[in-house]
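Protein sequence lines correspond, in order, to chains A and B.
Just so we're aligned: the first sequence equals residues 1 to 285 in my numbering.
Just so we're aligned: the second sequence equals residues 286 to 544 in my numbering.
Just so you know, even glycine gets a beta-carbon here, dropped at the ideal spot from N, CA and C.
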Amino acid sequence: MYSVQITRSNPTCIILLLDQSGSMADPFGGDKETRKADYVADVVNHTLHDLVIRCTKTEEVRNYYYVSVIGYGRKVTPAFGGPLLNRRLTPISEAAEYPLRIETRYKRVSDGMGGSLEMPVRFPLWILPQADGGTPMCQAFEQVREILEQWLAEHPGGFPPTVLHLTDGESSDGDPEEIGREIMSLQTEDGPVLLFNCHISSQRSSKIEYPISGKSLPDGFARTLFQISSPLPENFLAAAAQLGVRAEPGSRGFVFNADPSSVVQFYEIGTSLTGMKPYMWMDAQ
Amino acid sequence: MNSQSWHIEARHFLLPKSGYTLNECEDAIGINTSALRYAVADGATEAFDSQTWAHQLAHSWVTHEPPALALEDFRSWAADEGQRLHSSWSGLRLSWYAQEKALGGSFAAFVGLQFEMLNGSPPRWQAIALGDSCLVRCRDEEIREALPLADYESFNAAPLLLPSLGSMQEAALSHTAVRSGMVEQGDVFLLLSDAAAAWFLLMSLKRDPARSEFETLLASAREEELGRFFDEQRLSGRIKDDDIAIIRIAFELNAHPET
Numbered sequence: 001m002y003s004v005q006i007t008r009s010n011p012t013c014i015i016l017l018l019d020q021s022g023s024m025a026d027p028f029g030g031d032k033e034t035r036k037a038d039y040v041a042d043v044v045n046h047t048l049h050d051l052v053i054r055c056t057k058t059e060e061v062r063n064y065y066y067v068s069v070i071g072y073g074r075k076v077t078p079a080f081g082g083p084l085l086n087r088r089l090t091p092i093s094e095a096a097e098y099p100l101r102i103e104t105r106y107k108r109v110s111d112g113m114g115g116s117l118e119m120p121v122r123f124p125l126w127i128l129p130q131a132d133g134g135t136p137m138c139q140a141f142e143q144v145r146e147i148l149e150q151w152l153a154e155h156p157g158g159f160p161p162t163v164l165h166l167t168d169g170e171s172s173d174g175d176p177e178e179i180g181r182e183i184m185s186l187q188t189e190d191g192p193v194l195l196f197n198c199h200i201s202s203q204r205s206s207k208i209e210y211p212i213s214g215k216s217l218p219d220g221f222a223r224t225l226f227q228i229s230s231p232l233p234e235n236f237l238a239a240a241a242q243l244g245v246r247a248e249p250g251s252r253g254f255v256f257n258a259d260p261s262s263v264v265q266f267y268e269i270g271t272s273l274t275g276m277k278p279y280m281w282m283d284a285q
Numbered sequence: 286m287n288s289q290s291w292h293i294e295a296r297h298f299l300l301p302k303s304g305y306t307l308n309e310c311e312d313a314i315g316i317n318t319s320a321l322r323y324a325v326a327d328g329a330t331e332a333f334d335s336q337t338w339a340h341q342l343a344h345s346w347v348t349h350e351p352p353a354l355a356l357e358d359f360r361s362w363a364a365d366e367g368q369r370l371h372s373s374w375s376g377l378r379l380s381w382y383a384q385e386k387a388l389g390g391s392f393a394a395f396v397g398l399q400f401e402m403l404n405g406s407p408p409r410w411q412a413i414a415l416g417d418s419c420l421v422r423c424r425d426e427e428i429r430e431a432l433p434l435a436d437y438e439s440f441n442a443a444p445l446l447l448p449s450l451g452s453m454q455e456a457a458l459s460h461t462a463v464r465s466g467m468v469e470q471g472d473v474f475l476l477l478s479d480a481a482a483a484w485f486l487l488m489s490l491k492r493d494p495a496r497s498e499f500e501t502l503l504a505s506a507r508e509e510e511l512g513r514f515f516d517e518q519r520l521s522g523r524i525k526d527d528d529i530a531i532i533r534i535a536f537e538l539n540a541h542p543e544t
């Protein structure tokens, strides 16, 4: 399982599912200026940038991946803007061609003399921060399932799709466990769909990363997310180890009360995939 | 009285990944018959312009004088080649993502092998390798030498490779393997890119008959049959579906009656 090579003729699908409810406007990471929605949008844009760069072959972007970003809050909708507006799934080459805009940001690097200097770096944006409405998690999972069912019918032999779900609170439209389990039961010939969940909080509570059991989790909501999180396959465990994250065979793709660095690592591990070397961008944060 | 001479026979084989054309192959072969110099380079798929980097390394190494066999010479040669590659990009109008990718440079695995014919003694071989393209020396169906990797389990998705960026080369070059020895009667030298090297080491360990079939097809230059052979190995999951580059150099000692 999880060993099929990802190629242009046998691509895989990555879905980034984002909570964009009103509470995502709350501050995050001990910085009153940074809202959860702003931070998460930055990480998602970094992740898309990383995927584009990984697939770039000189002047061509090869479609090893098809990507989807679905936001849920006031409504459940694809989160891409610009020419990709309303696109539920897009080949990575089109994502490369159509970012909303490319900003210049600054990265602090060593000046080689014991100090540091700021270097301009390109920062393409595909999605903008949103924080509005409730948390219709079940509806969002329904939309994910529709995308997956169509994908799996067309790509039965591919590397199983990955769904990276980030939320800051409980579902407002019912218990997501049933639909989550349904998503986890979908599969290709190479294994079941991977559903990983990351929960973030404005509270300074201790985080729980990639647990093996749900026993240490504080409440029913956390245990539900644990239940609908796939075990990390071996190659994802290797990516976690490379980042210095503790995960072992049996660890679920689940983080509870994630802090900012855990969010970055969640996306890094979740998009590491088989045979593809993680592209390190964490130092650009 | 008999005099003796060494007969050298070289064969090579290149096969792209399934569904790809030879033009898209990121493995490269360099052969300089007159200098008895051979090289295989394997461009890293995830890097920028790695096909050019692999071709440049393989072709330049076999023609470079003096040969870049000692680590110091290899270091200086690699630095020049990296600069040449990056200069070739300077006039290009690149998209934002290509510019970003180019900042990281190219990467390739490399293995080079040189023979020196000596008067009155067997030829001497010298090899230099970095990454997961390998030299395997065999005789009587036994592996006598393998470098830089000798165990099929050592092959992984993130090998150490030769970067084109000068600032990254020093750290990588510290892992370069350099070795030499004397050729013996019946020696067969194989230069193999990673998928073929891992497969060959495993088949040898298992004493699998596929190894003999491979060697027969390669030695007799039956390229189409060898292509079909590897297609079958790929379909059965015995070899990773990756580009394949192989050079085989076989030595035989011929005795001639003296007049």
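For a test of the three-state rule: what should DSSP assign to Gly290 of chain A, helix, strand or coil?
Outside the modelled stretch of chain A, which goes from 1 to 285, sits residue 290 of chain A, for which no answer is possible.
Quick check on DSSP: helix, strand or coil for Phe333 of chain B?
coil
Please classify Gly315 of chain B as buried or exposed, where buried requires at least 16 neighbouring CB atoms within 10 angstroms.
buried
Going along chain A, which residues have a C-beta under 8 Å from Asp528 of chain B?
Those do not exist, as Asp528 of chain B stays about 12 Å from chain A at its closest Cβ, beyond 8 Å.
Helix, strand or coil at Val264 of chain A [DSSP, three-state]
helix
Interface partners of Ser380 of chain B on chain A, CB under 9 Å
Thr56, Glu59, Val61, Ala96, Glu97
At a CB-CB cut-off below 8 Å, which residues of chain A make contact with Phe440 of chain B?
Ordered by position in chain A, no residue passes the 8 Å Cβ test against Phe440 of chain B, which lies about 11 Å from the chain.
Which residues in chain A sit within 8 Å of Gly416 of chain B, going by Cβ to Cβ distance?
Near Gly416 of chain B there are no residues of chain A at all, since even the closest Cβ is about 13 Å away, more than 8 Å.
What residues of chain A sit near Asp479 of chain B, judged by a beta carbon separation below 7 Å?
Going along chain A, no residue has its Cβ under 7 Å from Asp479 of chain B, so there is no contact; the nearest lies around 12 Å.
Residues of the segment 315 to 346 of chain B with a CB closer than 7 Å to any CB of chain A: list them in chain order, please.
Glu331, Phe333, Asp334
Where Glu430 of chain B and Leu458 of chain B are concerned, what is the direct C-alpha to C-alpha distance, given to the nearest angstrom?
21 Å
Between A:Ser23, A:Asn63, A:Lys36, which lies nearest to Thr135 of chain A when the distance is taken from Cα to Cα?
A:Ser23
Hey, Ser345 of chain B and Glu366 of chain B are a contact pair by Cβ (cut 8 Å); roughly how many whole angstroms apart?
6 Å
Cβ neighbour criterion (16 or more within 10 Å) applied to His292 of chain B
exposed
Of all the residues that make up the segment 120 to 152 of chain A, which are near chain B by a beta-carbon distance shorter than 8 Å?
Arg122, Pro124
Is Thr47 of chain A buried or exposed, if buried means 16 or more other CB atoms sit within 10 Å of its CB?
buried
I need the DSSP call for Pro494 of chain B, collapsed to helix, strand or coil.
helix
So, for Val468 of chain B: in the same chain, excluding its five sequence neighbours on each side, which residues have a beta-carbon less than 8 Å away from its beta-carbon?
Trp291, Phe400, Pro407, Pro408, Arg409, Trp410, Phe536
Within chain B, partners of Ser116 of chain A - CB distance below 8 Å
Result: empty, since nearest Cβ-Cβ is about 17 Å, beyond 8 Å.
Report the rounded CA-to-CA distance for Val43 of chain A versus Thr224 of chain A, giving the unit in angstroms.
25 Å
Shortest alpha-carbon distance to Pro301 of chain B belongs to which of B:Leu321, B:His349, B:Ile529, B:Ala329?
B:Ile529
Start and end of the beta strand (DSSP E) containing Gly315 of chain B?
312 to 317
Give, in chain order, every unbroken run of the beta strand (DSSP E) that is at least 3 residues long and sits entirely within the segment 412 to 489 of chain B.
419 to 424, 427 to 432, 462 to 467, 473 to 477
Just to check my reading of the structure: Ser230 of chain A and Phe196 of chain A have Cβ atoms closer than 8 Å, yes? What is that Cβ distance to the nearest angstrom?
7 Å
Given that a residue counts as buried once 16 or more other Cβ atoms are within 10 Å of its Cβ, and exposed if not, what is Ser21 of chain A?
buried
Looking only at C-alpha atoms, which of B:Ala355, B:Leu445, B:Gly328 sits nearest to Leu342 of chain B?
B:Gly328
Interface partners of Glu385 of chain B on chain A, CB under 7 Å
Ile53, Arg122
Is the beta carbon of Tyr437 of chain B sitting closer than 7 Å to the one on Ala504 of chain B?
no
Compare the C-beta of Ile102 of chain A against all C-beta atoms of chain B and say whether one is closer than 7 Å.
yes
Considering Cα atoms alone, identify which of B:Asp425, B:Phe359, B:Trp381, B:Gly522 is closest to Asp61 of chain A.
Looking at the sequence itself, residue 61 of chain A is Val, so the reference to Asp does not match. Per the Cα distances, B:Trp381.
Who are the near neighbours of Leu538 of chain B in its chain, counting only those whose CB is closer than 7 Å to its CB and skipping five residues on each side?
Gln289, Trp291, Gln470
Coil, strand or helix - Ser406 of chain B by DSSP:
strand
How about Gly304 of chain B: is its C-beta nearer than 7 Å to some C-beta of chain A?
yes
Could you tell me which chain B residues have their CB closer than 7 Å to the CB of Gln265 of chain A, listed as they occur along the chain?
Those do not exist, as Gln265 of chain A stays about 18 Å from chain B at its closest Cβ, beyond 7 Å.
According to DSSP, is Tyr39 of chain A helix, strand or coil?
helix
Any C-beta of chain B under 7 Å from that of Ser93 of chain A
no
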